[in-house]
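The number in our numbering is simply the position in the sequence shown, starting from 1, with 52 added.
All C-beta atoms, glycine included, are put in the ideal place defined by N, C-alpha and C.
Here is the structure we will look at.
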Amino acid sequence: MQMNDSERFERLTERLSRQMKIAELGPEGQRRIVAAKFLVIGAGGLGSPALLALAAGGASHITIVDHDEVSESNLSRQFLHDAASIGRNKAENAAEELLRWNPVLDARAVSCRMEGEADLAPLVREANIVLDCSDNLATRQLVNRVCRAERRPLVFAAAVRMNAQITVFDFRDPDSACYRCLFEEDDAENDEKASAFGVFTALTGTVGMLQACEAMKLAAGFGRPLTGRLLMVDLLNMEMREMRYRRRASCPCCGSGR
53 MQMNDSERFE RLTERLSRQM KIAELGPEGQ RRIVAAKFLV IGAGGLGSPA
103 LLALAAGGAS HITIVDHDEV SESNLSRQFL HDAASIGRNK AENAAEELLR
153 WNPVLDARAV SCRMEGEADL APLVREANIV LDCSDNLATR QLVNRVCRAE
203 RRPLVFAAAV RMNAQITVFD FRDPDSACYR CLFEEDDAEN DEKASAFGVF
253 TALTGTVGML QACEAMKLAA GFGRPLTGRL LMVDLLNMEM REMRYRRRAS
303 CPCCGSGR
């Protein structure tokens with residue numbers, strides 16, 4: 053049975069009653085989360101906890117993009133998947149699993165690889181907020197370009213070993229910095245992937261949850277998002293540091309000289 057967002061909100065009222073008691077959020081902020089359209093790129097280490105938190109927090113329109121299949125080595129940190137999921141497409145498995153956390157969820161799985169702007173742009177255009185939970189440089193740069201072109205807020209994170217970074221690029225602001233303002237590396241061969249360098253289970257869980265937090269704050273319109281601020285997480289020493297940044301004139305993506 054098809055439901056509108058008002059009906060979805062009513063179905064979730066008791067489930068989310070504690071969350072709606074937060075004064076800064078309240079029922080109206082929760083309604084905005086229910087109505088928002090989230091696009092999540094990647095359903096792995098970062099995507100799994102981010103998707104769980106979104107669905108549990110009342111997000112009711114989620115598109116999940118991931119062409120990869122679940123493997124045994126994923127299971128220690130990709131909490132949406134289990135042994136029975138091995139061999140299944142991650143996006144499709146995630147879409148099914150999330151219904152346990154949000155029974156009125158409208159989840160869409162996209163299981164093909166995003167080869168370029170033409171593939172990704174229609175999905176970004178349909179979304180209100182994008183979460184980059186990918187694990188490679190080429191995808192991050194593609195998501196950054198398309199979100200900037202379509203003026204969609206982008207919640208970015210990356211995690212390897214016991215260190216992670218998270219920030220928000222709010223491209224609704226034409227003066228917003230972008231991913232390339234922060235990270236100049238242009239050679240995808242130099243990726244630091246978890247498969248080669250390892251990643252701590254609790255790290256991706258922590259940072260994926262933070263991504264969902266920032267995405268829901270953006271959707272509801274409350275709190276102070278991580279725009280212009282890069283949060284650096286070091287679980288080895290249990291430290292969090294913040295670095296401020298701004299748009300870079302020489303940025304190859306958004307700079308004045310491009």
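Practice item. Could you give the DSSP three-state label for Gln193: helix, strand or coil? Key: Within the sequence shown, residue 193 is the residue found at index 141, counting from 1. Note: Gln193 maps to helix in three-state DSSP.
**Study point:** Cα-Cα separation between Arg160 and Arg63, rounded to whole angstroms
**Key:** Here residue 160 corresponds to residue number 108 of the sequence shown, with the count starting at 1. Here residue 63 corresponds to residue number 11 of the sequence shown, with the count starting at 1. When rounded, the distance between both Cα atoms is 20 Å.
Review point. Looking at Leu106 and Met268, is the spacing between their C-beta atoms short of 8 Å?
Key: By one-based count along the sequence shown, residue 268 stands at place 216. By one-based count along the sequence shown, residue 106 stands at place 54. Contact flag set, yes.
Point to revise | Arg200 to Leu287 span [Cα, whole Å] | key: Residue 200 sits at position 148 when you count from the first residue of the sequence shown. Residue 287 sits at position 235 when you count from the first residue of the sequence shown. So the two alpha carbons sit approximately 31 Å from each other.
Review point. Which value, in whole angstroms, describes the spacing of the CA atoms of Glu237 and Cys230?
Key: What you label residue 237 is simply residue 185 of the sequence shown in a count that begins at 1. What you label residue 230 is simply residue 178 of the sequence shown in a count that begins at 1. Going from the Cα of Glu237 to the Cα of Cys230 covers about 13 Å.
Point to revise | Start and end residues, alpha helix (DSSP H) containing Asp57 | key: The residue labelled residue 57 in the question sits at position 5 within the sequence shown. Its alpha helix (DSSP H) spans residues 57-64.
Review point. Under the rule that 16 or more other beta-carbon atoms within 10 Å means buried, what is Met290, buried or exposed?
Key: Numbered from 1 along the sequence shown, position 238 holds the residue referred to as residue 290. That one is exposed.
**Study point:** Cβ neighbours of Asn196 in the same chain (closer than 6 Å, five flanking residues each side left out)
**Key:** Here residue 196 is taken as the residue at index 144 of the sequence shown, counted from 1. Result list for Asn196: Cys230, Tyr231, in chain order.
**Study point:** C-alpha gap between Ala135 and Phe252, whole angstroms
**Key:** Within the sequence shown, numbered from 1, the residue matching residue 135 stands at position 83. Within the sequence shown, numbered from 1, the residue matching residue 252 stands at position 200. One C-alpha to the other measures close to 20 Å.
Check your understanding: Where do the N-terminal and C-terminal ends of the alpha helix (DSSP H) with Leu103 fall, by residue?
Key -> On the sequence shown, residue 103 is found 51 positions in, with the first residue counted as 1. Its alpha helix (DSSP H) spans residues 99-108.
Check your understanding: Taking Cβ to Cβ, would you say Phe221 is nearer than 8 Å to Arg203?
Key -> What you label residue 221 is simply residue 169 of the sequence shown in a count that begins at 1. What you label residue 203 is simply residue 151 of the sequence shown in a count that begins at 1. Their beta carbons are not under 8 Å apart, which means Phe221 does not touch Arg203 by this criterion.
Exercise for review: Please classify Phe252: does DSSP put it in a helix, a strand, or coil?
Suggested key: For the purposes of this step, residue 252 is taken as residue 200 along the sequence shown, with counting starting at 1. Coil at Phe252, not helix or strand.
Practice item. Go ahead and label Gly81 buried or exposed: buried means 16 or more other beta carbons lie within 10 angstroms of its beta carbon, across all protein chains shown. Key: The residue labelled residue 81 in the question sits at position 29 within the sequence shown. Gly81 should be labelled buried.
Check your understanding: Among Leu183, Ala264, Leu151, which has the Cα closest to the Cα of Arg60?
Key -> To locate residue 60, count along the sequence shown from 1; it is residue 8. Minimum Cα distance to Arg60 is reached at Leu151.
**Study point:** Residue nearest to Gln217 in terms of C-alpha spacing, selected from Gly280, Asp225, Asn180
**Key:** By one-based count along the sequence shown, residue 217 stands at place 165. Answer by Cα proximity: Gly280.
Review point. Just how far apart, CA to CA, sit Gly97 and Arg300?
Key: Working through the sequence shown from its first residue, we reach residue 97 at position 45. Working through the sequence shown from its first residue, we reach residue 300 at position 248. Gly97 and Arg300: Cα-Cα distance of roughly 30 Å.
Review point. Can Met166 and Leu157 be called in contact, C-beta distance under 8 Å?
Key: As a working note, residue 166 is residue 114 in the sequence shown. As a working note, residue 157 is residue 105 in the sequence shown. Cβ atoms of Met166 and Leu157: not closer than 8 Å.
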